[in-house]
């Protein structure tokens with residue numbers, strides 16, 4: 081974490097923070113200092129998306145002179161592998177460059193290390209210029225009460241070599257190809273340098289209270305019947321071929337697929353939180369892999385799952401199931417009509433992140449698999465091959481929106497909870513407003529144009545008719 085340096089007050093004698101008003105005394109014309117005004121809260125301490133160069137430049141001053149730890153995700157890779165493409169890196173520095181005459185921020189990030197048991201950059205899936213990345217980090221900003229969490233959309237530019245202090249240009253950094261650095265600088269400078277990746281930053285979204293999430297009290301109010309399916313063989317979303325991980329459709333209807341004898345069902349599951357970054361947390365009294373019929377479910381793996389995440393996610397799949405109440409169901413079906421399962425049911429394919437001991441239970445955190453489970457309904461289902469499919473990668477968007485059902489569910493839960501928590505007086509106002517809008521819409525239902533447009537059209541029709549009759 082880092083802290084943005086505060087600009088010095090023009091009056092060096094002032095010891096207090098914030099602006100100071102000078103108040104003129106009556107009579108002698110002398111001035112005295114009044115109590116300092118409360119320092120204005122930073123604009124970065126509020127939720128928002130910042131993309132202007134001036135805003136990003138002010139925000140990233142926190143990176144200067146320090147090292148900021150960041151998470152980095154290869155979004156496309158998440159649709160191809162459950163173990164690769166997620167990592168951590170240190171942001172060494174930043175700069176601004178022009179792209180199509182528009183200045184954009186560029187991060188110099190130390191070569192990322194994997195945070196999911198696999199490789200951030202497998203040899204057969206190297207980073208390519210223009211590949212989209214998601215970068216998350218925490219900064220302390222002036223006027224903020226606490227460190228603030230940010231998520232940025234970025235694009236990979238190139239691998240580079242970074243030197244914090246250019247001996248030929250004091251006070252400036254140097255970045256470029258390693259070969260050029262070796263030719264240009266002495267050995268001691270090269271030793272102090274670092275291999276980095278350059279990432280163009282498009283924006284920064286602030287989360288003042290940390291990554292947002294829907295908590296247990298909201299989940300319990302609108303969701304019920306939680307179950308967890310443990311699928312030996314990795315499930316269709318974690319299978320392997322000679323080329324690496326791949327993802328197949330479920331050829332059977334979902335209910336038939338889940339009736340297979342080797343699939344374990346955990347009934348006693350308590351939902352704890354759904355995070356908008358894709359983390360799903362539950363409580364269960366059972367060990368996840370106990371009584372699972374698969375070679376990977378050995379006693380050592382069952383007892384220490386956190387030390388064997390890569391093995392587990394390559395061989396075991398997890399599918400969370402729960403039911404929605406009537407109003408949430410109607411919202412979701414209007415937004416995602418092709419979601420998998422019956423209308424009131426939701427199925428989320430998951431990847432294991434970690435298991436923590438809790439009081440008489442296990443606290444399990446999963447990562448959402450970023451491809452939505454969908455199926456055809458009605459006539460389309462009878463015409464097609466049936467079964468359940470995954471949303472293709474080209475339909476994905478950055479962030480939790482990769483999983484359409486999940487993202488729409490979080491929005492619906494939050495909106496419904498806010499409405500239900502409103503005072504009765506506000507609810508009545510909302511109902512009256514809705515009724516007024518609906519009444520107005522009913523009145524205008526058969527009016528496709530206003531009177532002026534209607535009159536002008538009628539005049540043109542009449543003129544055309546007169547012209548035709550005259551001819």
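Numbering (my numbering), first residue to last: 81 to 551.
Virtual Cβ for every residue (Gly too), placed ideally from N, Cα, C.
- In the displayed model, residue 395 falls within a helix according to three-state DSSP.
- A distance below 6 Å between beta-carbons, with the five flanking residues on each side excluded, links residue 287 to the following residues of its chain, in chain order: 229.
- For the 7 Å CB-CB criterion, residue 390 and residue 201 do not form a contact.
- Looking at the backbone, the Cα of residue 154 and that of residue 343 are separated by about 31 Å.
- Cβ-Cβ separation between residue 122 and residue 221: approximately 5 Å, consistent with a contact (criterion under 8 Å).
- According to the DSSP assignment, residue 140 belongs to the alpha helix (DSSP H) that extends over 133-140.
- With respect to the C-alpha of residue 126, the residue from 512, 284 and 379 having the closest C-alpha is 284.
- Separation of the CB atoms of residue 277 and residue 239 is rounded to 6 Å, and the pair is thereby assigned contact status at 8 Å.
- Around the beta carbon of residue 290, fewer than 16 other beta carbons sit within 10 angstroms, so the residue counts as exposed.
- In the displayed model, residue 197 falls within coil according to three-state DSSP, outside both helix and strand.
- Using a C-beta cut-off of 8 Å, the stretch 351-364 makes contact with the stretch 483-495, since at least three inter-stretch Cβ pairs fall below that distance.
- In the displayed model, residue 229 falls within a strand according to three-state DSSP.
- Classified as buried, residue 484 has 16 or more neighbouring CB atoms from the shown chains inside 10 Å of its CB.
- Fewer than three beta-carbon pairs drawn from the stretch 371-379 and the stretch 448-458 are found closer than 8 Å, and the two stretches are therefore not classed as touching.
- Around the C-beta of residue 455, 16 or more other C-beta atoms lie within 10 Å, and the residue is accordingly described as buried.
- According to the DSSP assignment, residue 357 belongs to no beta strand (DSSP E), since it is labelled neither H nor E.
- Remark: C-beta atoms of residue 392 and residue 432 approach each other more closely than 7 Å.
- A distance below 7 Å between beta-carbons, with the five flanking residues on each side excluded, links residue 405 to the following residues of its chain, in chain order: 302.
- The C-alpha of residue 258 is placed about 30 Å away from the C-alpha of residue 138.
- Of the residues 156, 173, 411 and 330, the one whose Cα lies closest to the Cα of residue 251 is 173.
- In the three-state DSSP reduction, residue 342 falls in the coil class, being neither helix nor strand.
- The beta carbon of residue 425 sits closer than 8 Å to those of 401, 402, 403 and 404, all from its chain and outside the five residues before and after it, given in chain order.
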